[in-house]
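The sequence shown begins at 118 in our numbering and counts up by one.
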Amino acid sequence: MRRLAGSFDRDLPGLPRGRGRLAVDEVQDAQRDRILRAVISSTAEKGIASTTIADVVGRARVSRQAFYKQFESKEACLIAAIDAGIEVIVSNITSTQSSTANLSLHEQLSAVIEKYLETCSSEPEFVRAWVVDLPVAGPAGVAKRNEYVELLADALLVGYSSKSSEAPGREVFLAAIGGCNELFYRQVVDGSNSYMNLHAPIMSFLERVLDLSSNPS
Numbered sequence: 118m119r120r121l122a123g124s125f126d127r128d129l130p131g132l133p134r135g136r137g138r139l140a141v142d143e144v145q146d147a148q149r150d151r152i153l154r155a156v157i158s159s160t161a162e163k164g165i166a167s168t169t170i171a172d173v174v175g176r177a178r179v180s181r182q183a184f185y186k187q188f189e190s191k192e193a194c195l196i197a198a199i200d201a202g203i204e205v206i207v208s209n210i211t212s213t214q215s216s217t218a219n220l221s222l223h224e225q226l227s228a229v230i231e232k233y234l235e236t237c238s239s240e241p242e243f244v245r246a247w248v249v250d251l252p253v254a255g256p257a258g259v260a261k262r263n264e265y266v267e268l269l270a271d272a273l274l275v276g277y278s279s280k281s282s283e284a285p286g287r288e289v290f291l292a293a294i295g296g297c298n299e300l301f302y303r304q305v306v307d308g309s310n311s312y313m314n315l316h317a318p319i320m321s322f323l324e325r326v327l328d329l330s331s332n333p334s
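Structure representation (structure tokens):
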């Protein structure tokens with residue numbers, strides 16, 4: 118999996134030019150990838166409020182023109198970057214659920230949480246951007262944050278429902294994700310870049326909220 122955040126050193130080669138240059142659509146795709154990674158990197162370091170377009174294009178090593186061809190604002194860029202990260206994370210969750218289909222509900226949930234924490238620990242800049250900055254990136258940022266929480270809640274609900282016919286209502290899973298998010302938030306603002314230590318408290322919390330003891334299958 119490629120990194121979701123990053124800056125491109127000015128000493129490194131840029132995109133190919135001349136006879137070896139890329140097609141227009143390939144250039145735009147490559148520039149978009151650089152821009153998305155750069156906005157996550159800058160947001161994690163400076164916050165979305167203090168991040169400027171100059172910060173993003175400087176880290177991405179692309180022009181302002183290239184930026185504005187694809188994004189109307191830094192907030193729109195951040196939301197697109199979060200979307201890319203969400204796709205990776207949800208894919209990891211669903212693949213883990215598939216590979217652990219023969220395990221008990223408790224064992225499968227533990228494996229899913231472990232994979233989620235591993236992914237987050239490998240992408241601390243992304244975690245900070247979505248946990249801290251996405252909610253303050255305007256109405257669209259709030260909507261995207263809520264969408265992300267709902268996707269995680271739905272993934273949890275699907276996993277639970279595949280093992281039990283007595284799944285709680287969707288609101289319970291939304292509340293469960295909200296509680297887990299609070300643990301992430303506190304660790305992020307404390308400056309932590311690893312989240313594996315959250316496995317035990319998250320599992321303990323979910324066991325109680327979702328009443329796993331009565332649904333051991």
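Just so it is clear, CB atoms sit at the ideal spot from N, CA and C, and this is done for glycine as well.
Small disclaimer: the values here were computed from a predicted structure and weren't measured.
* Tell me where the alpha helix (DSSP H) around Thr-168 begins and ends. => Element bounds for Thr-168: n/a, residue is neither H nor E.
* Spatial distance of Ala-254 from Ala-260 (CA atoms) -> Distance between the alpha carbons of Ala-254 and Ala-260: 10 Å.
* Does DSSP put Arg-154 in a helix, a strand or coil? -> For Arg-154, the secondary structure class from DSSP, reduced to helix, strand or coil, is helix.
* Start and end of the alpha helix (DSSP H) containing Ser-212? -> Where Ser-212 is concerned, the enclosing alpha helix (DSSP H) starts and stops at 191–216.
* Asked: Does the beta-carbon of Gly-308 have 16 or more other beta-carbons within 10 angstroms, so that it is buried, or is it exposed?
  -> The residue is exposed, with fewer than 16 neighbouring Cβ atoms inside 10 Å.
* Asked: Who are the Cβ neighbours of Leu-269 in its own chain at under 7 Å, not counting the five residues just before and after it?
  -> Take Leu-269, set aside five residues on each side of it, and the residues of its chain with a beta-carbon closer than 7 Å to its own are Ile-294, in chain order.
* Asked: With respect to 7 Å, is the separation between the Cβ of Met-320 and the closest non-hydrogen atom of the ligand NAP below this value?
  -> As presented, the structure is devoid of all ligands, the ligand NAP included, so that no description of it is given.
* **Cα-Cα separation between Pro-318 and Leu-300, rounded to whole angstroms** => Taking the straight line joining both Cα atoms gives about 9 Å.
* If we ignore side chains and look at the alpha-carbon of each, how far apart do Leu-129 and Ser-321 end up? -> In this prediction, Leu-129 has a pLDDT of 46, which is less than 50 and means its spatial position is unreliable; what the coordinates show is noted afterwards. Per the coordinates, the alpha-carbon of Leu-129 lies some 46 Å from the alpha-carbon of Ser-321.
* **Assigned exposure category for Gly-276 - 16 Cβ within 10 Å defines buried** => Gly-276 is buried by the Cβ-count criterion.
* If we count Cβ pairs, one from each stretch, closer than 8 Å, do we get three or more for the stretch 194–211 versus the stretch 220–228? -> Too few Cβ pairs lie closer than 8 Å, so no.
* Just confirm the distance between the C-beta atoms of Ala-177 and Ala-155, as a whole number of angstroms; I'd bet it's less than 8 Å. => With 8 Å as the limit, Ala-177 and Ala-155 qualify as a contact, their Cβ atoms being about 4 Å apart.
* As assigned by DSSP and simplified to three states, the class of Leu-327 -> Coil at Leu-327, not helix or strand.
* Would you report the Cα separation of Ile-152 and Ala-197, rounded to the nearest angstrom? -> Answer to the nearest angstrom: the Cα atoms are 10 Å apart.
* Please state if the CB of His-316 and the CB of Ile-230 are separated by a distance shorter than 8 Å. => The beta carbons of Ile-230 and His-316 sit closer together than 8 Å.
* Which one of Glu-192, Arg-262 and Val-244 has the shortest CA to CA distance from Gln-304? -> Checked all of Glu-192, Arg-262 and Val-244; the closest Cα to Gln-304 is Val-244.
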